[in-house]
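Written out below as structure tokens is the structure these notes cover.
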Amino acid sequence: MNPSAGFMIRPPSMLQTASAVLLVLFSLNAATGSLPKAAVRSLGRCVYLPDVTLESDHLSEPMIFDADDLGELAKTESDNFASVNSNWFEESKTLKASIATEMGISGGYRGVELSVSSAFNKVTGHETDVKVADVHAVSYSSRTFVERGSNLYKFPLKSDFLKDFQGFPVTVKDPHTDSAWGPFRDFMNKWGSHIVTAAYTGVVFQSWSSAKAE
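Residue numbers -33 to -1, 1 to 181, in mature numbering (1 follows the signal peptide of the UniProt record, and there is no 0), belong to the letters of the sequence shown in order.
Structure below.
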């Protein structure tokens, strides 16, 4: 995503009875006036998901593409899209894992997970009897992306990224040892684990999580 506004986390609302409602609200609103240049510039960014904060540093290094050349390959689709997904969890442990994943993309997931855990402990003293409902709503008006497939060889990769990528050993000797994977670990430490290949504009992403102890 290519957000221009931050996210808001509303703290848990504690009820007087033995139940609690946890509301976590993410709202990412992207500006549409700077398309497609701003969206194109965000493509090709390498990220390490547990640490990245896309809302504040989505244009920071490392970037593997030269943005000036990428404009010829990137495409923008103007299309209104909306979807809603809901999940039901049997215990709060799976809810916290889900929230940690979502917040791992947006930043600060450790604090949120601790807050959720604390809220459950205050209400129930344990987590085994907690039932959890989780709802996600996503909508956006356009998508800027780079196509996969036969155009990969045309990507304007930066020379230092290409050099590091080509430096991998052809075969991994002694794969059962930790040191054998050193080159790959060093590569991920420098470049990250994932590459941004699409930027969504006009985006609103909302996530509600609620729980009740019965």
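By construction, the Cβ of each residue, glycine as well, lies at the ideal position given by its N, Cα and C atoms.
>> Whole angstroms are fine: how far does the CA of S50 sit from the CA of K98?
In response: Locating residue 98 in the sequence shown gives position 131, counting from the first residue. Locating residue 50 in the sequence shown gives position 83, counting from the first residue. Those two C-alpha atoms are separated by around 24 Å.
Report the partner residues of D127 according to the DSSP bridge assignment. What you label residue 127 is simply residue 160 of the sequence shown in a count that begins at 1. For D127, no pairing in a beta bridge is given by DSSP.
Considering Cα atoms alone, identify which of L129, K140, T144 is closest to F154. Numbered from its first residue, the sequence shown carries residue 154 at position 187. For the residues L129, K140, T144, the minimum Cα distance to F154 belongs to L129.
*asked:* Rounding to the nearest angstrom, what Cα-Cα distance links E39 and F56 in this structure?
replied: Position 72 of the sequence shown, counted from the start, is the residue given in the question as residue 39. Position 89 of the sequence shown, counted from the start, is the residue given in the question as residue 56. Whole-angstrom Cα-Cα distance: 45 Å.
Is F32 buried or exposed, if buried means 16 or more other CB atoms sit within 10 Å of its CB? The residue given as residue 32 occupies position 65 in the sequence shown. Buried, by the Cβ-count rule.
Please report the distance separating the alpha-carbon of K42 from that of V163. Along the sequence shown, one-based indexing puts residue 42 at 75. Along the sequence shown, one-based indexing puts residue 163 at 196. So the alpha carbons of these two residues sit roughly 14 Å apart.
- Would V14 pass as a contact of G159 if the rule is Cβ separation under 7 Å? Position 47 of the sequence shown, counting from 1, holds the residue named residue 14. Position 192 of the sequence shown, counting from 1, holds the residue named residue 159. Taking 7 Å as the Cβ cut-off, V14 and G159 qualify as a contacting pair.
Item checked: DSSP three-state assignment for D141, whether helix, strand or coil -> Position 174 of the sequence shown, counted from the first residue, corresponds to residue 141. Reduced to three states, the DSSP call for D141 is coil.
From which residue to which residue does the beta strand (DSSP E) around Y167 run?
Sequence index remark: in the sequence shown, residue 167 carries index 200 (1-based). Unbroken beta strand (DSSP E) run through Y167: 165 to 168.
Per DSSP, cross-strand counterpart(s) of V51: The residue given as residue 51 occupies position 84 in the sequence shown. V51 pairs with A104.
- request: Taking the CB atoms as reference points, tell me whether D101 and N54 lie closer together than 7 Å.
  value: Translated into the one-based positions of the sequence shown, residue 101 becomes position 134. Translated into the one-based positions of the sequence shown, residue 54 becomes position 87. Contact flag set, yes.
ask   = DSSP beta-bridge partners for F56?
value = As a first step, residue 56 must be located in the sequence shown, where it is residue number 89. In the DSSP output, where bridge partners are listed per residue, F56 has V99.
**OP:** Quick one: give me the first and last residue of the alpha helix (DSSP H) that F151 is part of.
**Re:** Position 184 of the sequence shown, counting from 1, holds the residue named residue 151. Here the alpha helix (DSSP H) through F151 covers 149 to 158.
Beta-carbon gap between L10 and P123 smaller than 7 Å: Numbered from 1 along the sequence shown, position 43 holds the residue referred to as residue 10. Numbered from 1 along the sequence shown, position 156 holds the residue referred to as residue 123. No; because the gap between Cβ atoms is not below 7 Å, this pair is not in contact.
* Among residues of its own chain, excluding the 5 on either side of E44, which ones have a beta-carbon nearer than 7 Å to its beta-carbon? -> Residue mapping note: residue 44 aligns to position 77 of the sequence shown, counting from 1. S109, R110.
For F135, three-class secondary structure by DSSP: On the sequence shown, residue 135 is found 168 positions in, with the first residue counted as 1. Looking at F135 - three-state DSSP - the assignment turns out to be coil, as it is neither helix nor strand.
**Item:** Three-state secondary structure (DSSP) of V113
**Value:** Taking the sequence shown and counting its residues from 1, one reaches residue 113 at position 146. Residue state, collapsed to three classes: coil.
(message) Using only the alpha-carbon positions, how far apart do Y167 and M30 sit?
(response) Within the sequence shown, the letter at position 200 stands for residue 167. Within the sequence shown, the letter at position 63 stands for residue 30. Rounded to whole angstroms, Y167 to M30 spans 18 Å at the Cα level.
For T138 and W148, I'd like the C-alpha separation in whole angstroms. As a working mapping, residue 138 is identified with position 171 in the sequence shown. As a working mapping, residue 148 is identified with position 181 in the sequence shown. For T138 and W148, the distance between alpha carbons rounds to 11 Å.
Practice task
Taking only the alpha-carbon atoms, compute the straight-line gap between V7 and T61 and give it to the nearest angstrom.
Solution key: For the purposes of this step, residue 7 is identified with residue 40 of the sequence shown, where counting begins at 1. For the purposes of this step, residue 61 is identified with residue 94 of the sequence shown, where counting begins at 1. The straight-line gap from Cα to Cα measures roughly 36 Å.
- prompt: Relative to the C-alpha of P136, which residue among S126, A165, R152, A64 is closest?
  reply: Counting from one through the sequence shown, the residue named residue 136 turns up at place 169. The residue with the shortest Cα to Cα distance from P136 is R152.
Hey, A165 and F112: beta-carbon distance below 7 Å or not?
Against the sequence shown, residue 165 aligns to sequence position 198. Against the sequence shown, residue 112 aligns to sequence position 145. Contact: yes.
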